[in-house]
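Enquirer: Take this structure, written in structure tokens, and hold onto it; I'll ask about it next.
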Amino acid sequence: MPSPPPPPGLLTLVRCGCRDVPYVSRRRPSDTRRREAVENRCGTAPTLEDPLSSHHPAAVLFDMDGTLVDSEKLWDVALQELAREYGGELSVAARRTIVGTSMAESMRIVHDDLGQPERDPQASAAWINARILDLFRTGLSWRPGAFALLRAVRAAGIPTALVTSSVRPLVEIALDTLGRDNFDAVVCGDEVVATKPHPEPYLTAARLLDVPIGRCVAIEDSATGVASALAAGAAVLAVPAEAPLPDMPGVHQVESLTGADLDLLTALVVNRAGATG
Ligand SMILES: [Mg+2]
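According to the numbering used here, the sequence shown holds residues 15 to 291 in order.
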């Protein structure tokens, strides 16, 4: 099978160290399951030389908020309600800066934007967590094309991970929509030492899946998440949601996941391998 044409732009690699941390969840993908998936599709078992198995991504690493689910709009609601609770309005600039950041960093941005840096970040985080849990239970929906792409990746037997800055209790609610069986590993913001934009979350996901990060594709919607994935060394597909993203070396950007497929993900990995030798 010929290799698909590479997407425009060359991918760059930035390497960074990562600290060992305890893992909360690990469902190791099975080579047997991958072989069975390909065998079911092709009618024959792949060999070691099979271009499919050698060129496909080793894993696809999905961000959650804004990438798989339309949750950033729910965060909009909760953050604005918190700002009004404190007698203010959150600015558009502050809201954009918050996208993809940790809860602690988000609360610092909110407090600074409101001119109330003395506020207790833990109290604000508790308020937001309680509100966003309610909103997640009632209003979570898929981003365009996200479910179809996730289903295609799973059908091909490619390992997947959910790599999110959101905390585990929130992710557990989201997994009711996303499907727990759709992910071989889940890395939450409260399960790593350093959150995005640090590379640790993506390096942790690759290690949980036992795959080389350089053969993984990370799918992200925010500048913070893209920076994390790039620093980890993954090929990156960006699909901006709440805020536009600038053109960045090493990042292939699409308007929607509706047009994304396995050929594109494979091309990103092939192109990245060519760019880094
Ligand atoms: Mg996101």
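Think of the CB as a built atom: it goes at the ideal place given N, C-alpha and C, for glycine as much as any other residue.
Would you call the segment 194-206 and the segment 130-143 in contact, with 3 or more CB pairs under 8 Å?
Expert: Touching, no.
Enquirer: Looking at G159 and G239, is the spacing between their C-beta atoms short of 8 Å?
Expert: Cβ distance not < 8 Å, so G239 and G159 don't count as in contact.
Enquirer: Please give me, in chain order, every unbroken run of the alpha helix (DSSP H) with length at least 4 that falls completely inside the segment 132-177.
Expert: 135-153, 160-169, all fully within the segment 132-177.
Enquirer: Short of 7 Å in beta carbon distance, which residues of its chain neighbour V253, apart from the five on each side in sequence? Order them along the chain.
Expert: For V253, where only same-chain residues beyond five positions count, the Cβ hits under 7 Å are T81, I233, D235, V268, S270, L271.
Enquirer: In this structure, how does DSSP classify D94 when only helix, strand and coil are distinguished?
Expert: It should be pointed out that residue 94 corresponds to Gln in this sequence rather than to Asp. Of the three classes helix, strand and coil, the one that applies to Q94 here is helix, per DSSP.
Enquirer: In the DSSP assignment, find the unbroken beta strand (DSSP E) run with A108 in it and report its ends.
Expert: Segment 106-112 is the alpha helix (DSSP H) holding A108; no beta strand (DSSP E) there.
Enquirer: In angstroms, rounded to a whole number, what distance separates the CA positions of A118 and D277?
Expert: Distance between the alpha carbons of A118 and D277: 38 Å.
Enquirer: How long is the line joining the alpha carbons of A73 and G129, rounded to whole angstroms?
Expert: Each residue's alpha carbon lies about 43 Å from the other.
Enquirer: Using beta-carbon positions only, say whether A220 and P211 come within less than 8 Å of one another.
Expert: No, Cβ-Cβ distance for A220 and P211 is not below 8 Å.
Enquirer: Flag this pair as yes or no: are the beta carbons of R133 and A92 separated by less than 8 Å?
Expert: No, these two residues do not count as a Cβ contact at 8 Å.
Enquirer: With DSSP run on the structure shown, which of helix, strand or coil describes L217?
Expert: Three-state result, L217: helix.
Enquirer: Taking only the alpha-carbon atoms, compute the straight-line gap between R292 and I123 and give it to the nearest angstrom.
Expert: An answer regarding residue 292 cannot be provided, because it is not within the stretch 15 to 291 covered by the chain.
Enquirer: Are the beta-carbon atoms of S85 and S179 separated by less than 8 Å?
Expert: It is not a contact, given that the beta carbons lie outside the stated cut-off.
Enquirer: Report the three-state DSSP secondary structure of L223 (helix, strand or coil).
Expert: Note: L223 maps to helix in three-state DSSP.
Enquirer: Less than 6 Å between C-beta atoms, sequence neighbours within five positions excluded: which residues of the same chain meet that for I112?
Expert: Excluding sequence neighbours, I112 sits near S120, I123.
Enquirer: Counting only the same chain and skipping the five closest in sequence on each side, list residues whose C-beta sits under 8 Å from that of V181.
Expert: Result list for V181: M117, N143, C202, G203, D204, in chain order.
Enquirer: Measuring only the C-alpha atoms, how far is A281 from S155?
Expert: Computed Cα separation, rounded: 29 Å.
Enquirer: For ligand 1, is there any heavy atom lying closer than 7 Å to the beta carbon of E234?
Expert: E234: yes, Cβ under 7 Å from ligand 1.
Enquirer: What are the boundary residues of the beta strand (DSSP E) that includes V265?
Expert: Segment 265-267, the beta strand (DSSP E) holding V265.
Enquirer: Which value, in whole angstroms, describes the spacing of the CA atoms of G264 and G288?
Expert: Looking at the two C-alpha atoms, the distance is approximately 12 Å.
Enquirer: For the putative contact between P213 and S242, defined by C-beta atoms under 8 Å, what is the C-beta separation to the nearest angstrom?
Expert: Yes, they are in contact, since the Cβ atoms of P213 and S242 sit about 6 Å apart, within 8 Å.
Enquirer: Tell me which residues share the same chain as A107 and place their Cβ nearer than 6 Å to its Cβ, disregarding the 5 neighbours each side in the sequence.
Expert: So no residue of the chain qualifies.
Enquirer: Can you check the segment 231-261 for any beta strand (DSSP E) of at least 3 residues that lies completely inside it and give the ranges in chain order?
Expert: The segment 231-261 contains these whole beta strand (DSSP E) runs: 249-252.
Enquirer: Within a Cβ cutoff of 7 Å, which residues of the same chain sit near A162, ignoring the five residues on either side of it in sequence?
Expert: Once the five neighbours on either side are set aside, A162 has no close Cβ partner at all.
Enquirer: Where does A118 sit, in a helix, a strand or coil, going by DSSP?
Expert: In this structure, A118 counts as helix in the three-state DSSP scheme.
Enquirer: Quick one: what does DSSP say V200 is sitting in, helix, strand or coil?
Expert: DSSP places V200 in strand when its eight states are reduced to three.
Enquirer: Could you tell me which residues DSSP puts in a beta bridge with D79?
Expert: Paired residue(s): V83.
Enquirer: Give the C-beta separation of H69 and V250 to the nearest angstrom, bearing in mind that I take them to be a contact with Cβ-Cβ under 8 Å.
Expert: Actually they do not touch by this definition, with Cβ atoms about 18 Å apart.
Enquirer: Considering only heavy atoms of ligand 1, does any lie closer than 7 Å to the CB of D90?
Expert: Every heavy atom of ligand 1 is 7 Å or more from the Cβ of D90, so no.
Enquirer: Per DSSP, what kind of secondary structure is V283 in: helix, strand or coil?
Expert: Helix at V283.
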